[in-house]
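Protein chains: 2
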Amino acid sequence: MRQKVVISKATIDRLPLYFRTLRVTKEEGREIISSEELGRRLGITPEQIRKDLASFGQFGKKGVGYYVHELMRNIGEILGLDNNWNIAVVGIGHLGAALANYQNFITLGFNLMALFDADEDVVGTIVNKVKVDHINDVNQVVKERNIHIGVIAVPAPFAQEVADKLVTAGVTGIWNFAPRKIVVPEHICIVNEDLSVGLSNLSYHITRKLL
Amino acid sequence: MRQKVVISKATIDRLPLYFRTLRVTKEEGREIISSEELGRRLGITPEQIRKDLASFGQFGKKGVGYYVHELMRNIGEILGLDNNWNIAVVGIGHLGAALANYQNFITLGFNLMALFDADEDVVGTIVNKVKVDHINDVNQVVKERNIHIGVIAVPAPFAQEVADKLVTAGVTGIWNFAPRKIVVPEHICIVNEDLSVGLSNLSYHITRKLL
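Chains X and E, in that order, give the protein sequences.
Counting from 530, one number per residue, gives the positions in the first sequence under this note's numbering.
Counting from 530, one number per residue, gives the positions in the second sequence under this note's numbering.
Okay, here's the thing in structure tokens:
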């Protein structure tokens, strides 16, 4: 019987970093990596890494290290990256175009399936091999292409309206880049990506260093 | 005598959200806001808000609320947003162009002062009223325009090289969007913005909901 384990958000946040580093290690042709080396590459202590990975089960061999391929597969499963999520980006301005071209979508196993915009000049254009559809067609396109995740890259005043449309159309998750709180029904997962947080954080630390 | 207060990273991460909401409140012409309303707008409990803001001093009046203008100014000071940081973006692809057009730079008090690229076709073009310089001129431009923060938006394999150049040129902080760990001297502040973390987080939670 599989036990239900409660995992902290901080641990979940580190798993993609492990996954990325393991991928690079694998590309280098390596089969085993120690927690010490993983730590060195990531700037995380080996103790923290061993603790994080121990919450999910036994992926390593004491005194040898972790089997890269096996650990990668396991972390990918935990994160649900083996589910082949289909993604749609709404709002094909600078940020939306950057996200549509984001190489990690593919690396992480996500499929860019649709793009939406409200601007007639943008609708019909091709970005990263995907044709931009009109946001008014979101219901039909989300259903036809089985879109799981909607990425919101529209200006803040339109974010809630777009979220409502995506939810009605049937997405399960929303990745929100608009700097605005969005309200969604409880069965919808939402992750807010707020760039001002990172920037303010940097400002805070520079200020402290320069004082 | 001003006491040195240790503030948790989680609190620091919430301050920009407070700042943003206060700005909107101010634009609405409001002078006072309660922790309850701030909480409702942000999806954070009023208790958490009162606790966060209490670590810095007394910004509110019991039973009335916070004075919007005063609290905004204080949070801005704590985050160092009153320092008029000068910013340069390196790598003017889709993401770099999106960052160069990022409206929150101005809202948060940052000045976009320079853009750099290595591609001769991009060098000399204008993005958001700033001319793109060649990365080889980074030393001169950073000094002349007093750049404090370098934003790295180049592909991962070039990220460390660009960071080294920015540090040599004299920046104090680095905001890194390349999905690669960057090593910098201890006196340099670095904040890594890794989009795959948010995306994997979303995947994790959708998987848990659908199970």
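No residue lacks a Cβ here, since even glycine has one placed at the ideal position from N, Cα and C.
Buried or exposed (CB count within 10 angstroms, at least 16 for buried), residue i
i, result
"residue 750 of chain X", "Shown here, chain X extends from 530 to 740; a query on residue 750 of chain X therefore has no answer."
"residue 605 of chain E", "buried"
"residue 549 of chain X", "buried"
"residue 564 of chain X", "buried"
"residue 661 of chain X", "buried"
"residue 545 of chain X", "buried"
"residue 655 of chain X", "exposed"
"residue 715 of chain X", "exposed"
"residue 603 of chain X", "buried"
"residue 686 of chain X", "exposed"
"residue 667 of chain X", "buried"
"residue 580 of chain E", "exposed"
"residue 732 of chain X", "buried"
Residue i - containing alpha helix (DSSP H), residue span
i, result
"residue 604 of chain X", "597-608"
"residue 539 of chain E", "538-556"
"residue 581 of chain E", "575-583"
Nearest candidate by alpha-carbon position, reference residue i, set the options
i, options, result
"residue 708 of chain X", "E:617, E:637, E:718", "E:637"
"residue 620 of chain E", "E:601, E:640, E:692, E:554", "E:692"
"residue 706 of chain X", "E:555, E:704, E:640, E:724", "E:724"
"residue 663 of chain E", "E:557, E:700, E:643, E:615", "E:643"
"residue 700 of chain X", "X:683, X:710, X:673", "X:673"
"residue 598 of chain X", "X:555, X:721, X:540", "X:555"
"residue 652 of chain X", "X:676, X:622, X:678, X:641", "X:622"
"residue 627 of chain X", "X:641, X:615, X:614", "X:641"
"residue 540 of chain E", "X:739, X:737, X:726", "X:726"
Per-residue DSSP class, three states only, for residue i
i, result
"residue 705 of chain E", "strand"
"residue 724 of chain E", "helix"
"residue 738 of chain E", "helix"
"residue 590 of chain E", "strand"
"residue 650 of chain X", "coil"
"residue 687 of chain E", "helix"
"residue 719 of chain X", "strand"
"residue 530 of chain E", "The predicted model places residue 530 of chain E with a pLDDT of 40, which falls under 50 and marks its position as unreliable; any figure quoted below should be read in that light. Reduced to three states, the DSSP call for residue 530 of chain E is coil."
"residue 675 of chain X", "coil"
"residue 562 of chain E", "strand"
"residue 682 of chain E", "coil"
Terminal residues of the beta strand (DSSP E) in which residue i lies
i, result
"residue 665 of chain X", "Unbroken run through residue 665 of chain X: none, as it is neither H nor E."
"residue 616 of chain E", "615-619"
Interface residues of chain C facing residue i [CB-CB closer than 8 Å]
i, result
"residue 572 of chain X", "This model lacks chain C altogether; the protein chains it does include are X and E."
Checklist entry - Given a limit of 7 Å on CB to CB distance, which residues of the region 611-629 of chain X reach chain E? => result For the region 611-629 of chain X, which is checked against every Cβ of chain E, the residues closer than 7 Å are 612, 614, 623, 624, 626, 627.
Checklist entry - Between the region 714-731 of chain E and chain X, which residues of the former have a C-beta closer than 9 Å to a C-beta of the latter? => result Correct list: 716, 717, 718, 719, 720, 721, 722, 723, 724, 725, 726, 727, 728, 729, 730, 731.
Item to check | Under 7 Å (Cβ pairs) to chain X, residues found in the region 687-711 of chain E | outcome: Those residues of the region 687-711 of chain E placed with their C-beta closer than 7 Å to a C-beta in chain X are 701, 702, 704, 708, 710, ordered along the chain.
Checklist entry - What residues in the region 588-613 of chain E bring their beta carbon closer than 8 Å to a beta carbon of chain X? => result Cβ contacts with chain X: 607, 608, 609, 610, 612.
Item to check | Positions along the region 628-652 of chain X whose CB lies within less than 9 Å of some CB in chain E | outcome: Of all residues in the region 628-652 of chain X, the ones placed with a Cβ closer than 9 Å to any Cβ belonging to chain E are 628, 629, 630, 631, 632, 633, 634, 636, 637, 638, 639, in chain order.
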